[in-house]
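Following: one structure in structure tokens, then a few remarks.
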Amino acid sequence: DRVLTGKYTALPCFIGIMALVFWLTFGVIGAVLSDWMTLGIDALTGVVDNALTAYGINPVVHSLVIDGIFAGVGSVLSFLPTIVTLFFFLSILEDTGYMARVAFVMDKLLRRVGLSGRSFVPMLIGFGCSVPAIMATRTLSSDRDRRMTILLTPFMSCSAKLPIYALFTAAFFAPVWRAPVMIFLYLFGILCGVLYALILKHTKFHGEPVPFVMELPNYRLPSARSVGQLIWEKARDFVQRAFTIIFVATVIIWFLQTFDARLNVAASADSSLLALVGSWIAPVFAPLGFADWRVSTALITGFTAKESVVSTLTVLLGGNAAALPTMFTPFTALVFLVFTLLYTPCVAAIAAVRREMGSAKAAAGVVIAQCVIAWVIAFLVHCIGMLIGLA
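Position 93 of the sequence shown, counted from 1, bears residue number 93 in the UniProt record's numbering, the numbering being contiguous throughout.
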């Protein structure tokens, strides 16, 4: 404890431990297991694809199964090993008694924005994935703190947004500026979260957080039973969501991408229902500097999974991502990144919000609030850019 909770050593120790956990989860063990899972799903997809072709199944049904269900649900299931790996390490840290000490150390900082130290770990997990972060709020004893933490989690940039950042920084910024732009996005998200927390503290969540008084548990070896039970619960919940909410959302997106307004198979992307919907929504983004319907379409598909923003733009550009400068300038690309940083979480995260808050109204409120916040802040960034001559 002299080291792990010391005045000058607690924070460096925590940063080092969590950096190791995230590196193992998203860079080594979890990444390798997810790659294997993806290979397995791809192999199964290939087998089913060949079987449907061999039996002469209707092309529309074929597309629904392969391009819709397998592509959508399969891409989500590929993250299962990452979720399991992350909770494996976090449950070990929790079972040893270390996480209780982290909450104790962070309590003073978070109390200034209306939260207790227990809220720190769920928000930290949010940088990996919002779904387990929202699920992790179950550990908070105060309903006020739990709900407030859930509302702040979307401001932590999840790993699913990294492909968007990577695509745009590579297309619009010199190599020397790419890392600073990414760091700016992460820090800007945290800053917006802090400001939102202060607003919530003085409006919807009046008062102070529950006093954080706890007896630090003794250090001990983790229990294999408790670790295994936690992993099983998280894996089961994740799979259930994949075959319910995400399944339905995937089928809807496939339908919009496949058919035109007369419900005939669309001859091209420009004639699909998704393009029609994108054209309706495009004027909303005109004040931000990107009124192209393809951008609106990408943002719509990003609701199912943030990685879909990249794949949708690539498909709509004819597979040539290098053509992005025909849709954006470097500055409007930055505004777009700010918007994607802050707008609504994916459908899996919203489903988790609905489950944890027990209200579809609350989940819808998160979607609306994040979209409004993202639009307003992106608009302010665009206006500032125009004033200083960047736009």
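Using N, Cα and C, we set each Cβ at its ideal position, and we do this for glycine too.
DSSP bridge partner residues for residue i (one or two, in chain order)
i: F259; result: V265
Supposed contact pair residue j and residue i - C-beta distance, whole angstroms, cut 8 Å
i: T312; j: T332; result: Wrong, their Cβ atoms sit about 18 Å apart, outside the cutoff.
i: L33; j: T85; result: 6 Å
i: I134; j: A352; result: 4 Å
i: I41; j: L90; result: Between L90 and I41 the Cβ distance is about 25 Å, and since that is not below 8 Å, they are no contact.
i: I164; j: T340; result: 5 Å
i: P325; j: A171; result: 7 Å
i: P122; j: T153; result: 7 Å
i: L263; j: L200; result: With 8 Å as the limit, L263 and L200 do not qualify as a contact, their Cβ atoms being about 44 Å apart.
i: A261; j: L274; result: With 8 Å as the limit, A261 and L274 do not qualify as a contact, their Cβ atoms being about 11 Å apart.
Member of the options whose CA lies at the smallest distance from the CA of residue i
i: I252; options: I69, M148, I377, M357; result: I69
i: V335; options: L316, A286, S359; result: A286
i: F259; options: L110, V248, L276, R101; result: L276
i: L380; options: V366, I300, G289; result: G289
i: V347; options: L337, A360, V338; result: A360
i: C158; options: A349, V366, A378; result: A349
i: V367; options: V376, Y343, C383; result: Y343
i: C371; options: F155, A171, V310, H382; result: F155
i: V60; options: G128, V265, L24, H382; result: V265
i: V131; options: T244, F255, I83, A10; result: I83
i: V284; options: F247, A197, I190, V376; result: V376
i: T5; options: F188, V102, G126, G128; result: V102
i: I166; options: L337, K7, G358; result: According to the sequence provided, residue 166 is Ala. The question's Ile does not apply to it. Here the closest residue by C-alpha is L337.
i: A305; options: L273, I281, P345; result: P345
i: L187; options: R236, I15, F127; result: F127
i: L198; options: S271, L39, R112; result: R112
i: Y196; options: D107, G389, F14, I373; result: I373
i: D107; options: A323, A10, P175; result: A10
i: L24; options: P81, W254, C13; result: P81
i: R138; options: M18, C383, F243, M357; result: M357
i: S142; options: G117, I125, C129, L124; result: G117
Neighbourhood of residue i by C-beta distance below 7 Å, restricted to the same chain and skipping five residues each side
i: F205; result: G114, R144, M148
i: S119; result: L110, L140, D145, T149
i: G74; result: I41, T45
i: V310; result: P163, I164, L167
Own chain residues within Cβ distance below 6 Å of residue i, not counting five before or after
i: D292; result: M327
i: S308; result: T301, G302
i: T21; result: The residue asked about is misnamed: residue 21 is Val in this sequence, not Thr. Taken in chain order, the residues that qualify are F89.
i: D49; result: I66
i: R294; result: L316
i: F173; result: V181
i: A282; result: A291, W293, S296
Cβ-based neighbour list, residue i, same chain, cut-off 8 Å, excluding 5 preceding and 5 following
i: M99; result: L90, L93, V121
i: S279; result: W293, S296
In chain order, what are the residue ranges of uninterrupted alpha helix (DSSP H) at least 4 long that sit wholly in the stretch 29–104? 29–54, 59–63, 71–77, 80–96
What alpha helix (DSSP H) runs, 4 residues minimum, are completely inside the stretch 169–207? 175–201
Length at least 4, wholly inside the stretch 279–310: the alpha helix (DSSP H) runs in chain order: 293–301
Please specify which runs of the beta strand (DSSP E), each continuous and at least 3 residues long, are wholly inside the stretch 127–169, giving them in chain order. none
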